[in-house]
Amino acid sequence: MSMSKEIKVDYLARVEGEGALHIKLKDGKVEDLSLRIFEPPRFFEAFLVGRSYLEVPDITARICGICPVAYQMSSARALEKILGLDVPDDIRKLRKLLYLGEYIESHVLHAYLLHAPDFLGYESALEMARDHPDVVKAALRLKQWGNRVMEVIGGRSVHPVSPRVGGFHRAPKMEELGPLLTNVKEIKRTAFDAIDWVMDLKYPDLNRDTEYISLSSKDEYALLDGRIRSNKGIDVPEEDFEKVCVESQVPYSTARRYMVRGKTPYLAGPQARVNLNHDKLAPEVLDKARALGISFPISNPYKSIIARMLEVAHSVVEAEEIIREYRPPASPYVKKEPRAGEGAAITEAPRGMLFHRYSIDSKGIVKKASIVSPTSQNQSSIEADLLELAPRLASMQNDKATWLCEQTIRNYDPCISCSAHFLKLDLASE
Amino acid sequence: MSRDGKVKLAVYKFSSCDGCQLQVLNLEDDLLELANQVEVSYFMEATRRAQPGPYDLALVEGSVSTPHEEDVIKKARDDSKLLVAIGACATAGGIQALRNWSDVELFKKIVYPKPEWITALKTATPISQHVKVDLELMGCPINKNQLIYVISQLLRGKKPYVPTYSVCLECKAKGTPCVIVTKDVSCMGPVTMAGCGALCPSYGRGCYSCFGPMDDPNPRSLIDYLTSQGADKGEVLRLLRMFTGYSEKFRKVVDEYE
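In order, the protein sequences belong to chains A and B. Per our numbering: the first sequence = residues 2 to 431. Per our numbering: the second sequence = residues 6 to 263.
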């Protein structure tokens with residue numbers, strides 16, 4: 002008798018955006034697997050054409066409400082390269098601080114409000130909060146601190162108004178940043194305790210030979226800039242992104258997808274970053290990881306939550322340092338007249354490399370725009386994980402199999418809003 | 006109402022960036038209290054437990070831009086006693102409404118290698134263009150303090166008060182010098198609904214109207230002023246056609262000007 006099974010998730014929960022999954026198993030083998038992103042296409046790269054270069058960071062921020070700063074930073078840097086504009090170190094530090102605030106906000110949102118409920122068997126963090134109120138409250142305080150960093154510098158945490166090409170419309174005064182330090186000791190303790198908390202979670206086993214790709218820098222834990230590196234020999238400048246990460250499209254999804262060298266899935270994001278760049282984490286974070294027996298690379302994708310919390314602790318440490326040394330820059334931004342040209346840049350969004358390429362004319366009007374989000378890069382890896390997992394699903398009860406598939410997808414903190422430019426589970430056994 | 010007499014809350018997403026829903030999760034201290042006071046019956050970004058309607062209160066984020074969304078919004082309306090549209094996408098179409106002045110088939114070709122696999126309506130339009138909306142909360146994103154105030158008022162059966170006046174009044178109240186007068190910066194403040202706390206001018210830049218039109222705006226007068234200060238047509242059109250450019254009060258005047 003042939004055994005078949007069908008897993009269907011029509012609208013994946015606890016992810017940012019809309020997606021669906023369909024898996025069809027026959028005699029324990031996968032007959033069909035599709036991760037379908039039905040997030041409506043919004044056509045940013047089309048309507049950016051004809052806009053002024055100065056509007057681009059404000060407009061691209063609207064691709065994602067969870068990581069707007071990533072869009073502002075990648076676009077600003079790509080445009081600055083066209084203008085031949087180098088921002089001075091004090092403005093760069095302030096950009097980094099804003100970005101670290103976004104890492105804290107975005108990672109804690111995902112780790113605690115979206116991902117952790119899977120490990121403990123809750124439908125949502127709100128339900129988890131009834132049994133673990135202190136855990137959820139501490140996480141919310143941590144997330145709030147990240148949001149406050151963004152509010153002080155950017156005016157608000159969702160779609161900050163201050164960042165611009167060349168720097169900021171206004172740099173915060175010292176007395177505006179100062180209050181962030183009043184509870185920083187408690188925030189730091191919360192961030193380090195969170196690493197202990199995620200280390201105690203029970204992790205399903207999954208290991209797949211994976212190529213990790215991220216920016217790397219010899220000077221720091223790469224975030225704003227660096228070279229594209231991988232654990233399998235890639236080492237190229239950011240402009241060469243399209244040469245190593247090659248685009249394809251499938252009929253069942255509005256997200257474009259990417260393969261390394263056009264052939265195999267690869268992983269971008271926190272797990273890739275800590276695996277490639279852990280030696281640049283703040284020393285006290287690295288000490289903590291060693292004390293807890295964390296070894297790199299972290300290869301189990303369910304443990305991406307550990308990578309996320311290492312980055313949160315790192316972000317708090319680095320943010321405190323920047324705030325303590327802060328002196329307002331002489332000028333909040335550098336101005337340079339537009340000139341015709343083309344430029345590309347990558348920054349490390351919380352979910353992974355975010356690539357932007359623009360060409361503008363001599364008046365600064367956008368002629369062409371190309372944007373590659375981290376989730377579209379990770380989509381092939383998510384499917385590869387699900388394929389690896391599939392034989393186990395055949396013997397599981399349907400509701401448990403479905404939940405495990407969802408959890409596997411949530412490992413990636415998929416931001417579907419970004420990539421439709423992600424998910425319903427539809428697991429079928431006939 | 007749920008069995009224990011709590012208000013049943015639904016949060017819907019249409020074409021959007023998720024930022025307004027995120028403002029619900031950004032309520033931080035108030036989030037757990039809100040979760041105690043209401044039953045979160047449908048909120049896909051926060052919970053995998055999706056309970057069927059009817060709901061007492063629905064918050065709707067995003068604009069309608071696909072045939073599928075046209076169907077979902079009608080069902081959402083049928084399932085919800087009160088429906089509140091939240092954010093620039095739901096109230097004005099949002100930034101993706103820029104396609105409404107262009108050709109979506111061309112847009113598909115620009116963005117996707119296989120445009121024939123993409124389904125999208127010619128336009129991205131506000132929720133009110135499809136179903137009756139009980140209240141509109143503007144902003145890109147919405148102001149979370151305004152959101153919690155509106156929810157609290159509705160939970161107590163009271164009518165929420167939302168501003169009808171312009172951002173200029175917020176600048177005056179804050180003591181922020183007018184950026185048009187003092188910095189010669191183009192600013193949408195005079196025609197834009199208050200609610201953000203005049204954020205952009207306090208950061209030294211002009212308002213880009215992410216809260217959309219105030220109650221009775223005069224965009225024509227603003228256009229004339231900008232033109233008298235030397236702005237060319239392209240600049241004026243770009244300023245007035247951004248996150249809320251497709252709202253009726255802006256659109257009619259700007260289309261006529263063009």
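Every residue gets a Cβ at the ideal spot worked out from N, C-alpha and C, and that includes glycine. What you are looking at is a predicted structure, and each value in this text was computed from that prediction instead of being measured.
Answer with buried or exposed for residue i, where buried requires no fewer than 16 other C-beta atoms within 10 angstroms of its C-beta.
{"i": "MET175/A", "result": "exposed"}
{"i": "ASP386/A", "result": "buried"}
{"i": "ARG144/A", "result": "The sequence as given places Lys at residue 144/A; Arg does not occur at that position. LYS144/A is buried by the Cβ-count criterion."}
{"i": "MET6/B", "result": "exposed"}
{"i": "SER107/A", "result": "buried"}
{"i": "VAL153/A", "result": "buried"}
{"i": "THR124/B", "result": "exposed"}
{"i": "ARG352/A", "result": "buried"}
{"i": "ARG291/A", "result": "exposed"}
{"i": "GLU263/B", "result": "exposed"}
{"i": "ALA421/A", "result": "Note that ALA421/A scores 42 on pLDDT, short of 50, meaning its location in the model is unreliable and no value can be drawn from it."}
{"i": "GLY294/A", "result": "exposed"}
{"i": "ASN208/A", "result": "exposed"}
{"i": "LYS82/A", "result": "buried"}
{"i": "LYS25/A", "result": "buried"}
{"i": "ASP119/A", "result": "buried"}
{"i": "ASP427/A", "result": "Reliability fails at ASP427/A, whose pLDDT of 41 lies under 50, so the model's placement of it is uncertain and the value that follows must be treated cautiously. Counting Cβ neighbours within 10 Å, ASP427/A comes out buried, since at least 16 surround it."}
{"i": "VAL4/B", "result": "The requested residue 4/B does not occur in the structure, where chain B is confined to residues 6 to 263."}
{"i": "GLN234/B", "result": "exposed"}
What separation, rounded to the nearest whole angstrom, lies between the Cα atoms of residue i and residue j?
{"i": "LEU101/A", "j": "ARG8/B", "result": "43 Å"}
{"i": "ARG43/A", "j": "GLU7/A", "result": "31 Å"}
{"i": "HIS135/B", "j": "PHE248/B", "result": "19 Å"}
{"i": "LYS254/B", "j": "PRO218/B", "result": "6 Å"}
{"i": "PRO134/A", "j": "TYR123/A", "result": "13 Å"}
{"i": "LEU204/B", "j": "GLY156/A", "result": "6 Å"}
{"i": "ALA273/A", "j": "TYR170/B", "result": "49 Å"}
{"i": "ILE153/B", "j": "SER381/A", "result": "39 Å"}
{"i": "LEU37/B", "j": "LEU111/B", "result": "46 Å"}
{"i": "MET310/A", "j": "GLU338/A", "result": "41 Å"}
{"i": "ILE3/B", "j": "ASP61/B", "result": "With chain B covering only 6 through 263, there is no way to say anything about residue 3/B."}
{"i": "VAL318/A", "j": "LYS86/B", "result": "47 Å"}
{"i": "ALA236/B", "j": "THR128/B", "result": "29 Å"}
{"i": "GLY211/B", "j": "SER53/A", "result": "15 Å"}
{"i": "SER430/A", "j": "LYS27/A", "result": "A caution first: SER430/A carries a pLDDT of 43, below 50, which makes its placement in the model unreliable, though a value can still be read off. Distance between the alpha carbons of SER430/A and LYS27/A: 6 Å."}
{"i": "LEU424/A", "j": "ALA55/B", "result": "Here LEU424/A scores only 34 on pLDDT, less than 50, and its place in the model should not be relied on; the value that follows carries that caveat. So the alpha carbons of these two residues sit roughly 15 Å apart."}
{"i": "HIS23/A", "j": "LEU34/A", "result": "6 Å"}
{"i": "ASP23/B", "j": "ASN31/B", "result": "12 Å"}
{"i": "VAL199/A", "j": "SER305/A", "result": "10 Å"}
{"i": "TYR113/A", "j": "PRO271/A", "result": "15 Å"}
In three-state DSSP terms, what is residue i?
{"i": "LYS282/A", "result": "The identity of residue 282/A in the sequence shown is Leu, whereas the question assumes Lys. If DSSP states are grouped into helix, strand and coil, LEU282/A belongs with coil."}
{"i": "ALA125/B", "result": "coil"}
{"i": "HIS357/A", "result": "strand"}
{"i": "SER430/A", "result": "Low confidence applies here, because SER430/A scores a pLDDT of 43, under 50, leaving its location unreliable; read the following figure in that light. Strand."}
{"i": "HIS116/A", "result": "helix"}
{"i": "THR211/A", "result": "coil"}
{"i": "GLU1/A", "result": "Summary: the structure shown does not reach residue 1/A, with chain A confined to residues 2 through 431, and so no result is reported for it."}
{"i": "SER409/A", "result": "The residue asked about is misnamed: residue 409/A is Thr in this sequence, not Ser. Of the three classes helix, strand and coil, the one that applies to THR409/A here is helix, per DSSP."}
{"i": "ALA421/A", "result": "Interpretation of ALA421/A is limited by its pLDDT of 42, a score under 50 that renders its predicted location unreliable; the figure taken from the coordinates is listed afterwards. Three-state result, ALA421/A: coil."}
{"i": "GLY147/A", "result": "helix"}
{"i": "MET397/A", "result": "coil"}
{"i": "MET260/A", "result": "strand"}
{"i": "ASP23/B", "result": "coil"}
{"i": "HIS23/A", "result": "strand"}
{"i": "THR348/A", "result": "strand"}
{"i": "ASP236/A", "result": "strand"}
{"i": "PHE45/A", "result": "helix"}
{"i": "ARG4/B", "result": "Missing from the structure shown is residue 4/B; chain B here goes from 6 to 263 and no further."}
{"i": "TYR60/B", "result": "strand"}
{"i": "ARG53/B", "result": "coil"}
Below 7 Å on C-beta distance, what does residue i contact in chain E?
{"i": "ALA117/A", "result": "Going by chain labels, chain E is absent from the structure shown, which instead holds the protein chains A and B."}
Using a Cβ-based criterion (distance less than 8 Å to any ligand heavy atom), does residue i qualify as near the ligand SAH?
{"i": "ASN278/A", "result": "Among the components modelled here there is no ligand, and therefore nothing to report on the ligand SAH."}
task: Check whether the segment 71-89 of chain A touches the segment 160-174 of chain A, taking contact to mean three or more Cβ pairs, one atom from each stretch, closer than 8 Å.
output: Flag = yes, the segment 71-89 of chain A and the segment 160-174 of chain A touch.
- prompt: Is there contact here, the segment 358-367 of chain A with the segment 392-405 of chain A, by at least three beta-carbon pairs under 8 Å?
  reply: Using a C-beta cut-off of 8 Å, the segment 358-367 of chain A makes no contact with the segment 392-405 of chain A, since fewer than three inter-stretch Cβ pairs fall below that distance.
field: alpha helix (DSSP H) segments (min. 4 residues) lying fully within the segment 117-169 of chain B
entry: Segments of the alpha helix (DSSP H) lying fully in the segment 117-169 of chain B: 149-160.
- prompt: Do the segment 39-51 of chain B and the segment 124-132 of chain A touch if we need at least three Cβ pairs shorter than 8 Å?
  reply: Touching, yes.
task: List in chain order: all unbroken alpha helix (DSSP H) runs of 4+ residues lying wholly within the segment 165-246 of chain B.
output: If we require 4 residues or more, the alpha helix (DSSP H) runs fully inside the segment 165-246 of chain B come out as 172-179, 184-188, 204-207, 224-233, 238-245.
- prompt: Is there contact between the segment 171-186 of chain B and the segment 185-200 of chain A, where contact requires at least three CB pairs shorter than 8 Å?
  reply: Judged by Cβ distances under 8 Å, the segment 171-186 of chain B makes no contact with the segment 185-200 of chain A, as fewer than three pairs qualify.
Inside the segment 136-189 of chain A only - beta strand (DSSP E) runs reaching at least 3 residues: Taking only runs of at least 3 residues, no beta strand (DSSP E) segment lies wholly in the segment 136-189 of chain A.
message: Taking 8 Å as the cut-off, does the segment 223-241 of chain A touch the segment 321-330 of chain A (at least 3 CB pairs, one atom from each stretch)?
response: At 8 Å Cβ cutoff, the stretches do not touch.
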